[in-house]
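Asker: Let me give you the structure first, and then I'll get to my questions.
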Amino acid sequence: MHRFFAENLDGSEVVLPDGEAHHALHVLRLERGAEVELFDGQGAAAAGRVARTGRSEVAVTIEHLLPVQTRPAPAVHLAFAVPKGKRLDWLLEKATELAAASLQPVVFERSVAGGDELHKGKLDRWRTHCIAAAKQCGLNFLPEILPPEGLANVLRDRAGLPGLFGDCAPDSPNAYETLQSLRADGHRQAVVLVGPEGGLTDAERDACLATGLKPIRLGTTTLRIETAAVALLAAATAIL
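Adding 21 to a residue's 1-based position in the sequence shown gives its number in our numbering.
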């Protein structure tokens with residue numbers, strides 16, 4: 022059954038958002054009577070049928086609500102330097118599939134993404150990628166997409182949450198050991214921070230350590246931002 026995102030599932034009929042209506046009409050070519058499933062990005066879902074279609078509008082009659090999905094645990098918040106182009110699209114897709122609780126773009130001293138990748142219009146496009154990924158994987162939750170912040174603000178706002186950051190230092194512990202330690206301490210949520218491809222500056226690394234984030238390494242190779250982000254997110258989700 023085809024799945025579509027709609028923010029409000031109250032009432033007996035829902036009009037799909039423009040992007041979802043376009044997909045239903047011009048990609049899937051759904052017609053009146055087609056069975057569909059709707060989800061609101063907050064755990065709720067409903068089964069329904071296409072009631073009517075127009076040139077750019079699709080209305081769905083809700084037949085019954087589906088069981089509310091429980092938010093996946095643990096709650097892992099991903100803070101990351103923003104890669105460019107399709108590499109960012111891939112990161113957003115995989116982070117949604119892995120049920121990241123939130124996505125926090127971070128501006129580092131060595132960030133390569135410029136302001137055009139971080140303005141509000143682009144952040145709206147990020148949400149579109151997350152919606153598409155949630156539709157595909159069966160998740161009824163969307164990650165919270167936060168506005169870009171400098172590292173100092175991110176560390177301040179996440180103070181009190183256990184956290185990890187990717188580190189290239191050879192003496193940093195591996196991810197498994199650190200995550201097992203957090204799990205043993207009863208933590209069921211965490212922040213994972215992935216810096217830019219040029220690495221953290223000494224000052225940024227010191228700031229992470231000073232706020233309690235634990236350095237971890239992911240193998241012996243140098244990883245791209247999106248590779249490190251997904252690997253660390255998957256490890257935290259599996260172990261915590």
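Ideal placement from N, C-alpha and C gives every residue a C-beta, glycine not left out.
Return the residue from the list Ala121, Glu52, Ala196 that minimises the CA-CA distance to Thr241.
Answerer: When each option's Cα is compared against that of Thr241, the closest is Ala196.
Asker: Assuming contact is defined by CB atoms lying nearer than 7 Å, are Leu30 and Ala67 in contact in what I supplied?
Answerer: Yes, the Cβ-Cβ distance between Leu30 and Ala67 is below 7 Å.
Asker: Using only the alpha-carbon positions, how far apart do Gln157 and Arg70 sit?
Answerer: Straight-line Cα distance between these residues: approximately 19 Å.
Asker: Count the other C-beta atoms from every protein chain shown that fall within 10 angstroms of the C-beta of Leu86, then say buried if there are 16 or more, exposed otherwise.
Answerer: Its Cβ having fewer than 16 others within 10 Å, Leu86 is exposed.
Asker: Under 8 Å Cβ to Cβ from Glu28, same chain only, skipping five residues before and after it: list those, please.
Answerer: Pro38, Asp61, Gly62.
Asker: Do Thr117 and Ala155 have their C-beta atoms closer together than 7 Å?
Answerer: Yes, the pair counts as a contact, with Cβ atoms nearer than the cut-off.
Asker: Suppose the cutoff is 7 Å on Cβ atoms and the five residues either side in sequence are ignored; what does the same chain contact list for Ala82 look like?
Answerer: Looking at the sequence shown, residue 82 is not Ala but Thr. Same-chain partners within the cutoff: Ser33, Glu34, Gly69, Arg70, Ala72.
Asker: Would you check if the distance between the CB atom of Leu119 and the CB atom of Thr258 is smaller than 7 Å?
Answerer: Yes, they are a contact pair.
Asker: Under DSSP, the alpha helix (DSSP H) around Lys107 begins and ends at which residues?
Answerer: Lys107 -> alpha helix (DSSP H) spans 107-118.
Asker: How is Ala249 classed by DSSP in three states: helix, strand or coil?
Answerer: In this structure, Ala249 counts as helix in the three-state DSSP scheme.
Asker: Buried or exposed, going by whether 16 or more other CB atoms sit within 10 Å of the CB of Leu239?
Answerer: It counts as buried.
Asker: With respect to the alpha helix (DSSP H) encompassing Ala305, which residues constitute its N-terminal and C-terminal limits?
Answerer: Any question about residue 305 goes unanswered here, given that the chain covers just 22 to 261.
Asker: So what's Ser123 in DSSP terms, helix, strand or just coil?
Answerer: Ser123 falls in the strand class under three-state DSSP.
Asker: By the three-class DSSP mapping on this structure, what secondary structure does His85 have?
Answerer: His85 falls in the strand class under three-state DSSP.
Asker: Please look up how many angstroms separate the CB atoms of Leu176 and Ala224, rounded, as I've assumed it's under 8 Å.
Answerer: About 12 Å separates the two Cβ atoms, so there is no contact after all.
Asker: According to DSSP, which residues form a beta bridge with Glu165?
Answerer: Answer is Ser123.
Asker: Taking just the CA atoms, how far does Lys107 sit from Ile166?
Answerer: Looking at the two C-alpha atoms, the distance is approximately 18 Å.
Asker: Just confirm the distance between the C-beta atoms of Leu172 and Val212, as a whole number of angstroms; I'd bet it's less than 8 Å.
Answerer: Not a contact, Cβ separation roughly 12 Å.
Asker: Could you check where the alpha helix (DSSP H) with Glu198 kicks off and where it finishes?
Answerer: Run containing Glu198: 196-205, per the alpha helix (DSSP H) assignment.
Asker: Let me make sure I understand the geometry here. Which of Arg24, Glu56, Arg179, Ile246 has the alpha-carbon closest to that of Ser123?
Answerer: Ranking the options by Cα distance to Ser123, first place goes to Arg179.
Asker: How is Arg146 classed by DSSP in three states: helix, strand or coil?
Answerer: Looking at Arg146 - three-state DSSP - the assignment turns out to be helix.
Asker: If you reduce the DSSP assignment to three classes, tell me which class Ala67 lands in.
Answerer: Ala67 falls in the strand class under three-state DSSP.
Asker: Suppose contacts are defined by Cβ-Cβ distances below 7 Å. Is Cys151 in contact with Leu185 by that definition?
Answerer: No, these two residues do not count as a Cβ contact at 7 Å.
Asker: Under three-state DSSP, which class holds His23?
Answerer: Three-state result, His23: strand.
Asker: Is Leu49 buried or exposed, if buried means 16 or more other CB atoms sit within 10 Å of its CB?
Answerer: The residue is exposed, with fewer than 16 neighbouring Cβ atoms inside 10 Å.
Asker: What is the DSSP secondary structure of Val133, reduced to helix, strand or coil?
Answerer: Correct three-state label for Val133: coil.
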